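Chemist: I'd like to ask some things about the structure below.
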Amino acid sequence: EDFVEEMFADAVHPDWFIPSYLDLDEDLNDALQKGKQGLMVYVGLKRCSYCQAFMENTLAKPDIANRVQRLFDSVGLDIFSNDEMLDPTGNSYTVASFVTAKKANYSPTMIFYGKEGRQLLKIVGYYPPEKFRLVLDYLEGEHYEHERLYTYITRHKSDKGQARAELQKDELFPNTTFTLDRTSEPANRPLVVLFEQPDCVACDRFHQRVLTDKPIRRLLKRFDAVQLDATDATTAVVTPGGSRTAPRDWYARLGLSYSPAMVFYDEAGNEITRLDSETKRWRVEGTLQLILEKSYTRDTQVQRWRRDKAVEFYQMQQPES
Numbered sequence: 006e007d008f009v010e011e012m013f014a015d016a017v018h019p020d021w022f023i024p025s026y027l028d029l030d031e032d033l034n035d036a037l038q039k040g041k042q043g044l045m046v047y048v049g050l051k052r053c054s055y056c057q058a059f060m061e062n063t064l065a066k067p068d069i070a071n072r073v074q075r076l077f078d079s080v081g082l083d084i085f086s087n088d089e090m091l092d093p094t095g096n097s098y099t100v101a102s103f104v105t106a107k108k109a110n111y112s113p114t115m116i117f118y119g120k121e122g123r124q125l126l127k128i129v130g131y132y133p134p135e136k137f138r139l140v141l142d143y144l145e146g147e148h149y150e151h152e153r154l155y156t157y158i159t160r161h162k163s164d165k166g167q168a169r170a171e172l173q174k175d176e177l178f179p180n181t182t183f184t185l186d187r188t189s190e191p192a193n194r195p196l197v198v199l200f201e202q203p204d205c206v207a208c209d210r211f212h213q214r215v216l217t218d219k220p221i222r223r224l225l226k227r228f229d230a231v232q233l234d235a236t237d238a239t240t241a242v243v244t245p246g247g248s249r250t251a252p253r254d255w256y257a258r259l260g261l262s263y264s265p266a267m268v269f270y271d272e273a274g275n276e277i278t279r280l281d282s283e284t285k286r287w288r289v290e291g292t293l294q295l296i297l298e299k300s301y302t303r304d305t306q307v308q309r310w311r312r313d314k315a316v317e318f319y320q321m322q323q324p325e326s
């Protein structure tokens, strides 16, 4: 299922989310005492089209709602909140600092916790119903004990063979050699690495709906940009950190689980942020702008950056007293 990306859209938590006093350690223990697998911590905000789509397209499906409730208690956190909280291992944070610490750079983010506060899985961004069902299969079967989510999804994906047999080329990604090392000598521009797969419907959709956008193309031309096949086990790549690998192994080592996925690095080869879910034009454009402005040195949470930009713009429009 697709959804329309809008700048402002209301997302309402399901009524089966449990009320919480932000003691997630206690919330997790309550869930375990009920015989559940653990706690799902949902990180979002009210005005968010991705959150709205996840609530209305995914969590509203009766089979998904029933299954989440059977496996987990669920609590919601707001990325803008400065309320005091305890995480599932009893550490103190404000909600905002917890969001930063957990690199919940986009909403929605779902973090699943099990016994003793162990983080079982974190997924960032909008997951449509068919992929979120696979996430629940992965969790319920405890497949996290022996394989990454990406490997599990790849083995069970239903859209294989419905898209093109090779990656869709674009002049934005001209590189055919992949020596991306930035440790010996810093680069002059940030880097974006686009991981795709040949048999990927979402990748073709990304090219058609996002990479055709003129403002995004202008912004991407200010990056070093490479396109890699996440299934390629033979091409030699030198990562921004200087290690040698193949695209498939690098994708797995990064812990990515979606195609397409975009991973962004600064001039010195440090990862800034990543887009690892169904992503539309508005979110990509905001991410590119945040990186080019180097606003990530203060905060990598894109929605908070947008709010700060709006406040800054409003203040600039006010007459001097």
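Numbered per the working numbering, the sequence shown spans residues 6 to 326.
Ideal Cβ positions, reconstructed from N, Cα and C, are used throughout, including at glycine.
No experiment lies behind these values; they were computed from the predicted model shown.
(1) Name, in chain order, the residues that DSSP records as bridge partners for residue 35.
(2) Measuring alpha carbon to alpha carbon, tell me which of 30, 247 and 74 ends up nearest residue 183.
(3) Could you work out which residue in 214, 311, 300 and 201 is closest to residue 268 when comparing CA atoms only?
(4) Give the C-beta separation of residue 76 and residue 41 to the nearest angstrom, bearing in mind that I take them to be a contact with Cβ-Cβ under 8 Å.
(5) Please determine if the region 127-135 and the region 226-242 are in contact, where contact requires at least 3 C-beta pairs separated by less than 8 Å.
(6) Could you tell me the alpha carbon to alpha carbon distance between residue 80 and residue 49, rounded to whole angstroms?
(7) Return the residue from the list 197, 35 and 146 that minimises the CA-CA distance to residue 93.
(8) First and last residue of the beta strand (DSSP E) that includes residue 135?
(9) Can you give the Cα-Cα distance for residue 33 and residue 298, rounded to whole angstroms?
(10) Pick out whichever of 26, 219 and 207 has its Cα sitting closest to the Cα of residue 281.
(11) By the three-class DSSP mapping on this structure, what secondary structure does residue 1 have?
(12) Considering only C-alpha positions, which residue in the set 116, 24, 275 and 253 is nearest to residue 266?
(13) Return the chain-ordered ranges of every alpha helix (DSSP H) run that is complete within the region 45-109 and spans a minimum of 4 residues.
(14) Is residue 270 buried or exposed, if buried means 16 or more other CB atoms sit within 10 Å of its CB?
(15) Can you list, in chain order, the residues of its chain with a C-beta nearer than 8 Å to that of residue 194? Leave out the 5 residues immediately preceding and following it.
(16) Cutting at 6 Å between CB atoms, please list the residues of its own chain near residue 191, excluding the five before and the five after it.
(17) Are there three or more Cβ pairs, one per stretch, closer than 8 Å when the region 117-124 is compared with the region 287-294?
(18) Ignore the nearest five residues each way along the sequence and tell me which others in residue 60's own chain have a CB closer than 6 Å to its CB.
(19) Would you decide whether residue 187 is buried or exposed? Buried here means 16 or more other CB atoms lie within 10 Å of its CB.
(20) In whole angstroms, what is the alpha-carbon distance linking residue 309 and residue 111?
(21) Under DSSP, the beta strand (DSSP E) around residue 230 begins and ends at which residues?
(22) Compute the distance between the beta-carbons of residue 244 and residue 185, then report whether it is under 7 Å.
(23) Near residue 311, which residues of its chain fall below 8 Å by C-beta distance, leaving aside the five closest residues on each side in sequence?
(24) Would you identify the three-state DSSP class for residue 202, choosing helix, strand or coil?
(25) Using only the alpha-carbon positions, how far apart do residue 221 and residue 263 sit?
(26) Buried or exposed: residue 213, going by 16 or more other Cβ atoms within 10 Å of its Cβ?
(27) Among 24, 181 and 203, whose alpha-carbon lies nearest the alpha-carbon of residue 159?
Modeler: So, from the data block:
(1) By 1-based counting over the sequence shown, the position of residue 35 is 30. Bridge partners of residue 35: none, in fact.
(2) Your numbering for residue 183 matches position 178 in the sequence shown. Residue 183 has its Cα closest to that of 247, out of 30, 247 and 74.
(3) Counting from 1 along the sequence shown, the entry for residue 268 is found at position 263. When only C-alpha atoms are compared, the closest one is 201.
(4) The count along the sequence shown starts at 1 and reaches residue 76 at position 71. The count along the sequence shown starts at 1 and reaches residue 41 at position 36. Confirmed, about 6 Å.
(5) In short, these stretches do not touch, since the Cβ pair count stays below three.
(6) As a working note, residue 80 is residue 75 in the sequence shown. As a working note, residue 49 is residue 44 in the sequence shown. Approximately 11 Å, taken between the alpha carbons.
(7) To locate residue 93, count along the sequence shown from 1; it is residue 88. Ranking the options by Cα distance to residue 93, first place goes to 35.
(8) Against the sequence shown, residue 135 aligns to sequence position 130. Element bounds for residue 135: not the beta strand (DSSP E) but the alpha helix (DSSP H), 134-145.
(9) The residue you call residue 33 lines up with position 28 of the sequence shown. The residue you call residue 298 lines up with position 293 of the sequence shown. So the two alpha carbons sit approximately 39 Å from each other.
(10) Translated into the one-based positions of the sequence shown, residue 281 becomes position 276. When only C-alpha atoms are compared, the closest one is 207.
(11) The structure shown does not extend to residue 1, since the chain spans only 6 to 326, so no value can be given for it.
(12) To locate residue 266, count along the sequence shown from 1; it is residue 261. Measuring from the Cα of residue 266, the nearest candidate turns out to be 253.
(13) Segments of the alpha helix (DSSP H) lying fully in the region 45-109: 54-58, 67-76 and 100-106.
(14) Locating residue 270 in the sequence shown gives position 265, where the first residue counts as 1. When all chains shown are included, residue 270 counts as buried.
(15) For the purposes of this step, residue 194 is taken as residue 189 along the sequence shown, with counting starting at 1. Counting only residues of its own chain and dropping the five nearest sequence neighbours on each side, residue 194 has a CB closer than 8 Å to the CB of 227, 228, 229 and 272.
(16) In the sequence shown, the residue the question calls residue 191 occupies position 186. Excluding sequence neighbours, residue 191 sits near 272 and 273.
(17) no
(18) The count along the sequence shown starts at 1 and reaches residue 60 at position 55. Contacts found: 16.
(19) Looking up residue 187 in the sequence shown gives position 182. It counts as buried.
(20) Walking along the sequence shown from the start, residue 309 turns up at place 304. Walking along the sequence shown from the start, residue 111 turns up at place 106. Roughly 9 Å between the two C-alpha positions.
(21) Walking along the sequence shown from the start, residue 230 turns up at place 225. That run of the beta strand (DSSP E) goes 229-234.
(22) Translated into positions along the sequence shown, residue 244 becomes position 239. Translated into positions along the sequence shown, residue 185 becomes position 180. Contact check for residue 244 against residue 185 passes: the beta carbons are separated by less than 7 Å.
(23) Numbered from 1 along the sequence shown, position 306 holds the residue referred to as residue 311. Only 291 meet the Cβ criterion.
(24) Looking up residue 202 in the sequence shown gives position 197. Of the three classes helix, strand and coil, the one that applies to residue 202 here is coil, per DSSP.
(25) Looking up residue 221 in the sequence shown gives position 216. Looking up residue 263 in the sequence shown gives position 258. For residue 221 and residue 263, the distance between alpha carbons rounds to 21 Å.
(26) Locating residue 213 in the sequence shown gives position 208, where the first residue counts as 1. With fewer than 16 other Cβ atoms within 10 Å, it is exposed.
(27) Numbered from 1 along the sequence shown, position 154 holds the residue referred to as residue 159. Nearest C-alpha to residue 159: 203.
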